[in-house]
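Notes follow the structure.
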Amino acid sequence: MHVDTSWNFAPVVIASLLAYAVVYGMRWRRTRAEGGARAAGWGRATLWATGIALLFIALISPIDRLGEQFATFHMVQHLLIADLAPVALTLALTKWILRPATRRIHWIERKAGPFGHPAFGVVAYVGAMWAWHVPALYDAALEHSLVHVLEHLTFAGAGLLYWWHLLSPIRSRMRLAGMGPILYMASTKILVGFLGVLLAFSPDLLYSYDWAGTKWGLSPLDDQHVAGLVMALEQSIVMGIALAYLFFRMLAESEEADQRAERYGAA
Numbered sequence: 043m044h045v046d047t048s049w050n051f052a053p054v055v056i057a058s059l060l061a062y063a064v065v066y067g068m069r070w071r072r073t074r075a076e077g078g079a080r081a082a083g084w085g086r087a088t089l090w091a092t093g094i095a096l097l098f099i100a101l102i103s104p105i106d107r108l109g110e111q112f113a114t115f116h117m118v119q120h121l122l123i124a125d126l127a128p129v130a131l132t133l134a135l136t137k138w139i140l141r142p143a144t145r146r147i148h149w150i151e152r153k154a155g156p157f158g159h160p161a162f163g164v165v166a167y168v169g170a171m172w173a174w175h176v177p178a179l180y181d182a183a184l185e186h187s188l189v190h191v192l193e194h195l196t197f198a199g200a201g202l203l204y205w206w207h208l209l210s211p212i213r214s215r216m217r218l219a220g221m222g223p224i225l226y227m228a229s230t231k232i233l234v235g236f237l238g239v240l241l242a243f244s245p246d247l248l249y250s251y252d253w254a255g256t257k258w259g260l261s262p263l264d265d266q267h268v269a270g271l272v273m274a275l276e277q278s279i280v281m282g283i284a285l286a287y288l289f290f291r292m293l294a295e296s297e298e299a300d301q302r303a304e305r306y307g308a309a
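For reference, each letter of the sequence shown is one residue, going 43 to 309 in the working numbering.
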């Protein structure tokens, strides 16, 4: 059975990715000139490039076309947009790179009220994942290009908000502390992972992917089951890696605080 593996060279998407790369590159270069490697290291630039590359894979590469034909590839696309790309893009930022926008970010946070609270990040992320996997909305995204674009924007926005609260280099007044990051991660990933388990073990075909026989060795129901397993596994792996990163970041911040206390004590 024929499978379309063509690339999707959408001009708007390509132009947007290039703009993200150029704007960050200009700011990174200026920050490095002013503050050195600590303010804007090559590792940060690599992370930004990785985030752009992941969005390129999700939206331009054959993954996009395959997502219209397989639930598995559609799931991979969702996870690239909502998890992996936002993680890389957020980690690429430093407080020095963001300095021109820091006051504006804090102003937006204050004006957002309850929508600026980390709890809303959980609601937005989990809500987006569950809502867009309701069969009627999922199939609408497959059938209508504008709905598909809205789906991608929703995942991108929810993913960036969710990971911003967890990984932001700027200290906010509602920054997660203590057991907060663990509860934040666990509540989200367990709820989304449960959705993956439901898809993986559903006895019924939920979405409009339907073909006679097999395609790339998969029946439509097998494809749905694999998609659910991909979601559940990705949520578990990302949670484990993120918690390990947060633990080491906490240790580093604690050490920096101790060093500052010693300097002030000596003075």
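Positions of the beta carbon are idealized from the N, C-alpha and C atoms, including for glycine.
Quick one: give me the first and last residue of the alpha helix (DSSP H) that residue i is part of.
| i | result |
| --- | --- |
| serine 58 | 53 to 77 |
| glycine 199 | 187 to 209 |
| lysine 341 | Not covered by the structure: residue 341. The range shown for the chain is 43 to 309. |
| tryptophan 172 | 160 to 173 |
| histidine 120 | 113 to 121 |
| leucine 97 | 84 to 101 |
Which residue from the options puts its Cα closest to that of residue i?
| i | options | result |
| --- | --- | --- |
| phenylalanine 236 | Thr114, Trp172, Leu133 | Trp172 |
| serine 250 | Leu96, Ala63, Leu131, Ala183 | Ala183 |
| alanine 79 | Thr136, Ile102, Ile94 | Thr136 |
| serine 103 | Ala219, His159, Phe51, Leu89 | Phe51 |
| isoleucine 147 | Leu89, Leu97, Glu276, His207 | His207 |
| proline 128 | Ala303, Arg145, Phe98 | Phe98 |
| alanine 113 | Leu260, Tyr287, Arg291 | Leu260 |
For chain D, check one thing: does any of its Cβ atoms lie closer than 9 Å to the Cβ of residue i?
| i | result |
| --- | --- |
| valine 164 | Among the chains in the structure shown there is no chain D, since it carries only a single protein chain. |
On the CB-based measure, 16 or more other CB atoms within 10 Å of its CB, does residue i come out buried or exposed?
| i | result |
| --- | --- |
| glycine 282 | exposed |
| arginine 69 | buried |
| threonine 73 | buried |
| lysine 231 | buried |
Go ahead and pull the three-state DSSP assignment for residue i.
| i | result |
| --- | --- |
| leucine 260 | strand |
| glycine 222 | helix |
| valine 129 | helix |
| aspartate 265 | helix |
| glutamate 110 | coil |
| leucine 241 | helix |
| methionine 281 | helix |
| histidine 105 | Before going further, note that residue 105 is isoleucine rather than histidine in the sequence given. The answer is helix: DSSP assigns isoleucine 105 an H, G or I state. |
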